[in-house]
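Colleague: Sequential numbering from 1 applies to the sequence shown in the numbering used here.
For glycine and all other residues, C-beta sits at the position ideal for the given N, C-alpha and C.
The structure presented is a predicted model; accordingly, all values stated were derived computationally and were not measured.
Below you'll find the structure I mean.
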Amino acid sequence: MRSKIVAGNWKMNKTLTETEALLAELSAKLPDTDAMVMIAPTHVNLPGAVRNLVHSAIEVIAQNMHFAESGAFTGEISADMLLDIGVETVIIGHSERRAYFGETDGLLAKKVSAAVAKGMKAMFCFGEELEDRKSGNHFAVVESQLKNALFSLDAAAWDNIVLAYEPVWAIGTGETASPEQAQEMHAFIRKTIAEAYDTSVADDVSILYGGSVKPGNAAEIFSKPDVDGGLIGGASLVADDFVAIIKAI
Ligand code: 13P
């Protein structure tokens, strides 16, 4: 079901002590909103965050998981481990996982399928690099990322998919896609899904924008009809900024 979502991806930031302090501040300042608010702390701090937010509307989500049930995968985390501590949504395919940890569309397809098979929500990230946009290849790149990782899912599985379009050139750079560029790509994504499935799958999926969303640009980006919210990096580490972005939706 399509919903408004503001999610904070904390990446490899915040110790448990700092996590608890930020969550206390966020909980105290959280505005009334129809949007779903999520935060993704690093794995080791997930249980602490879940405990801290037990009476809160903020959902704790994970930044990554492995596709296997269990086994000899040193350093990895399974869906069951996340579910057991109360984490039901997982970010998959962040561009930093693709760039620094060699995650390919094929691997991401397995992760998404594994998450969905466990009844988890997969927040699938994708987006083009600067060279792709400069060469006018951005639509083709995005289409192939979607096709390779997601289009073997059956239509029912899309109830458990959230998309996060994050152009790589806008992540952590201070350079954001213009609201028009975001809308143009989100509309293209919906059209591509409608062609692969049908319009009800396309219309029901939430598509977030990510990449240098700040209090000053959030409202304009979120006002676009195909933008259902944001996946926020740097600004989600500062309570007042994250709260301002939640208010913007
Ligand atoms: P920034 O908001 O810091 O650009 O990061 C975006 C992001 O990567 C969220 O996943």
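Does the Cβ-Cβ distance between Glu-128 and Pro-179 come in under 9 Å?
Modeller: No, these two residues do not count as a Cβ contact at 9 Å.
Colleague: Which of the three DSSP states is assigned to Leu-53 in this structure?
Modeller: Coil.
Colleague: Looking at the secondary structure, which residues open and close the beta strand (DSSP E) in which Met-123 lies?
Modeller: Run containing Met-123: 121-126, per the beta strand (DSSP E) assignment.
Colleague: So, helix, strand or coil for Thr-173, using DSSP?
Modeller: Note: Thr-173 maps to coil in three-state DSSP.
Colleague: Please classify Val-116: does DSSP put it in a helix, a strand, or coil?
Modeller: Correct three-state label for Val-116: helix.
Colleague: Rounded to the nearest angstrom, what separates Leu-231 and Gly-8 at their Cα positions?
Modeller: Their backbone Cα atoms lie some 6 Å apart in a straight line.
Colleague: What residues match up with Leu-231 in a beta bridge as DSSP calls it?
Modeller: The partner list for Leu-231 (beta bridge, DSSP) reads Ala-7 and Gly-210.
Colleague: Might you give, ordered along the chain, the residues of its own chain that have their beta carbon closer than 8 Å to the beta carbon of Asp-204, omitting 5 neighbours on each side?
Modeller: Excluding positions up to five away in sequence, the list reads Met-1, Arg-2, Trp-158 and Asp-159.
Colleague: With 16 other CB atoms within 10 Å as the buried threshold, where does Val-54 fall?
Modeller: By the neighbour-count rule (16 or more Cβ atoms within 10 Å), Val-54 is not buried but exposed.
Colleague: Would the beta-carbon of Ala-35 fall within 9 Å of that of Ile-249?
Modeller: It is a contact, given that the beta carbons lie within the stated cut-off.
Colleague: Give me whichever residues DSSP pairs with Ala-62 in a beta bridge.
Modeller: In DSSP, Ala-62 forms a bridge with Val-90.
Colleague: If we count the other Cβ atoms within 10 Å of its Cβ and call it buried at 16 or more, is Gly-174 buried or exposed?
Modeller: Exposed, since its Cβ has fewer than 16 Cβ neighbours within 10 Å.
Colleague: Do you know whose CA, among Ala-239, Pro-225 and Ala-170, lies nearest Lys-4's CA?
Modeller: The shortest Cα separation from Lys-4 among Ala-239, Pro-225 and Ala-170 belongs to Pro-225.
Colleague: In the DSSP assignment, find the beta strand (DSSP E) that holds Met-185 and state where it starts and stops.
Modeller: Per DSSP, Met-185 belongs to no beta strand (DSSP E); it is in the alpha helix (DSSP H), 179-196.
Colleague: What does the alpha-carbon distance come out to for the pair Ser-206 and Asp-241?
Modeller: When rounded, the distance between both Cα atoms is 23 Å.
Colleague: Identify the continuous beta strand (DSSP E) that holds Met-36 and give its terminal residues.
Modeller: Residues 36-40.
Colleague: Can you tell me whether Ile-161 is helix, strand or coil according to DSSP?
Modeller: Of the three classes helix, strand and coil, the one that applies to Ile-161 here is strand, per DSSP.
Colleague: Mind checking whether Gln-252 and Val-44 have CB atoms under 9 Å apart?
Modeller: Examination of residue 252 is not possible in this model, given that the chain is present from 1 through 249 alone.
Colleague: By how many angstroms is the C-alpha of Leu-82 removed from the C-alpha of Glu-69?
Modeller: Looking at the two C-alpha atoms, the distance is approximately 11 Å.
Colleague: Kindly examine the ligand 13P and report whether one of its heavy atoms sits closer than 8 Å to the Cβ of Glu-96.
Modeller: Yes, the Cβ of Glu-96 comes within 8 Å of a heavy atom of the ligand 13P.
Colleague: How would you write the range of the alpha helix (DSSP H) that Phe-151 sits in, first residue to last?
Modeller: Looking at the DSSP string, Phe-151 is not in any alpha helix (DSSP H), and its letter there is neither H nor E.
Colleague: Expressed to the nearest angstrom, what Euclidean distance is found between the alpha-carbon atoms of Leu-26 and Glu-88?
Modeller: Near 21 Å, if we compare the C-alpha coordinates of Glu-88 and Leu-26.
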